[in-house]
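K.L.:
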Ligand SMILES: Cc1cc2nc3c(=O)[nH]c(=O)nc-3n(C[C@H](O)[C@H](O)[C@H](O)COP(=O)(O)OP(=O)(O)OC[C@H]3O[C@@H](n4cnc5c(N)ncnc54)[C@H](O)[C@@H]3O)c2cc1C
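In full-length UniProt numbering, the protein residues as written are 1 to 414.
1) Compute the Euclidean distance between the alpha carbons of residue 354 and residue 184, then round it to the nearest angstrom.
2) Whole alpha helix (DSSP H) runs in the stretch 135-208 with 4 or more residues, listed along the chain?
3) Where in the stretch 47-106 do unbroken runs of the beta strand (DSSP E), each at least 3 residues long, occur, reported from the N-terminal end onward?
4) Using a Cβ distance threshold of 8 Å, determine whether the stretch 122-137 contacts the stretch 226-244, with at least three qualifying pairs required.
5) Between the beta-carbon of residue 309 and the beta-carbon of residue 394, is there less than 8 Å?
6) Could you tell me whether the Cβ atoms of residue 95 and residue 400 are closer together than 8 Å?
7) Can residue 155 be considered in contact with ligand 1, in the sense that its beta carbon sits closer than 7 Å to one or more heavy atoms?
8) With residue 365 as the anchor, note down where its beta strand (DSSP E) starts and where it stops.
9) Report the residue from 366, 305, 377, 68 whose alpha carbon sits nearest the alpha carbon of residue 104.
10) Residue 235: which of 254, 67, 178, 256 sits nearest, CA to CA?
11) Cα-Cα, which of 102, 99, 77 is closest to residue 110?
12) If we call anything under 8 Å between Cβ atoms a contact, is residue 142 one with residue 131?
13) Have a look at the DSSP bridge pairing and note the partners of residue 210.
14) How many Å lie between residue 369 and residue 300 at the Cα?
15) When we look at the beta-carbon of residue 396 and count the other beta-carbons within 10 Å, is it buried (16 or more) or exposed?
16) Under the three-state reduction of DSSP, which class applies to residue 350: helix, strand or coil?
17) Which first and last residues belong to the alpha helix (DSSP H) in which residue 260 is found?
18) Which value, in whole angstroms, describes the spacing of the CA atoms of residue 10 and residue 144?
19) Beta carbon of residue 91, beta carbon of residue 201: below 8 Å?
20) When you compare the CB positions of residue 385 and residue 100, do they come within less than 8 Å of one another, or not?
21) Measure the CB-CB distance between residue 21 and residue 167 and report whether it falls below 8 Å.
22) DSSP puts residue 129 in a beta bridge; with which residues?
23) For residue 27, I'd like the list of residues in its chain whose CB is within less than 7 Å of its CB, leaving aside the five on either flank, ordered along the chain.
24) Excluding sequence positions up to five away, which residues of its chain have a Cβ less than 6 Å from the Cβ of residue 357?
25) Under 8 Å, do residue 238 and residue 227 count as touching if we go by C-beta distance?
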């Protein structure tokens, strides 16, 4: 369906986006092209590196990347990750997962993706690093914002793209405990030496309720990525400082065999530890007045929830609706109507990520491995691959008009 542009719906609108990871810069890409004056405020002092490899899969993800003009740029920096293996205590393979299941159509480090988006928007968008919203007050016509460091400013719209622990969501919808559904698992990711000499592959080792993955996604052959996933009932660990989080990981993984002692040694040396709860955001609406949530801030799904592709598709929809509706109220309502079921489907996909990676007992570990072996037999393998893209494709993209002239552009055309 081809949508008509609402002439000048966005021209010179002042939009503040909180968060410069994936969702924020993806939205900024579209809004700047429509002539908005976009400011992105990012809490970190510079673009954040580190974290997982993230992937895009299925027609909707691919199509949005193409419409952004970034499909080739992402492919150029893709990981080319291969098969991932689950191994037993003796180091022998118990089961494996094919690349299309774990790494989608194209996989890239989140930091590299963020860099591509930033590079592509930085001449058209004002980036403010090292600051955060402190307060936000809405009037019928504007939003007055104060910052932790910078001077107060006024905007027409504010977008919370500031992740699972969103400040914008807290300021507008209240304390995060009311909206975060903890999935009783944590995930930690950090760099380590590639002692196993892995080459674009991963080995996963389990003990009941715990998983350790060692992966090499390409690039520097000396470097591997450690992923730890463990079961835990206490929802409070994500708020602890990194030292306490390291201690928790040490306690939790003490005494395990395989490469775990070396992985724990690397934990002491890494400067870039990602540690967070596996949790999902559940809200009964994504906007309030002139403020709207995007990506993990509004419907974060955790590992297995296709969060990066989801953020990208939803940024496309939000910008498209803002450009084609007479006002922000109608646009936010249409955005929500189109993406709610889609986002819920992706969240559902992630419900079992913790128990799948870190089964609770030895018996469940064996059962998981058996299931994966069976699923890769003959005709079942096609079904298995299909399942991995179903949630990602469960949206029909509207054909929003691409802005071509008069945008606040430095000549960048897509
Ligand atoms: C450093 C990092 C590492 C990650 N690693 C993993 C991983 O290993 N596994 C995984 O499943 N997911 C990981 N994620 C989450 C994954 O990137 C998202 O699920 C997905 O890409 C959707 O992106 P998003 O832009 O909505 O949110 P996010 O990628 O979470 O980005 C939110 C951005 O908002 C910024 N921010 C937070 N609070 C404020 C504030 N008050 N003011 C301004 N800016 C703020 C953050 O610094 C961040 O840059 C990681 C995210 C980050 C930032």
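Even glycine gets a Cβ: it sits at the ideal position worked out from N, Cα and C.
P.N.:
The answer reads as follows:
1) 8 Å
2) 167-173
3) 53-56, 84-87, 93-97
4) no
5) no
6) no
7) no
8) Per DSSP, residue 365 belongs to no beta strand (DSSP E); it is in the alpha helix (DSSP H), 362-375.
9) 305
10) 178
11) 77
12) no
13) 207, 230
14) 28 Å
15) exposed
16) helix
17) 260-269
18) 19 Å
19) no
20) yes
21) no
22) 42
23) 17, 159, 161, 294, 315, 318, 319
24) 211, 229
25) no
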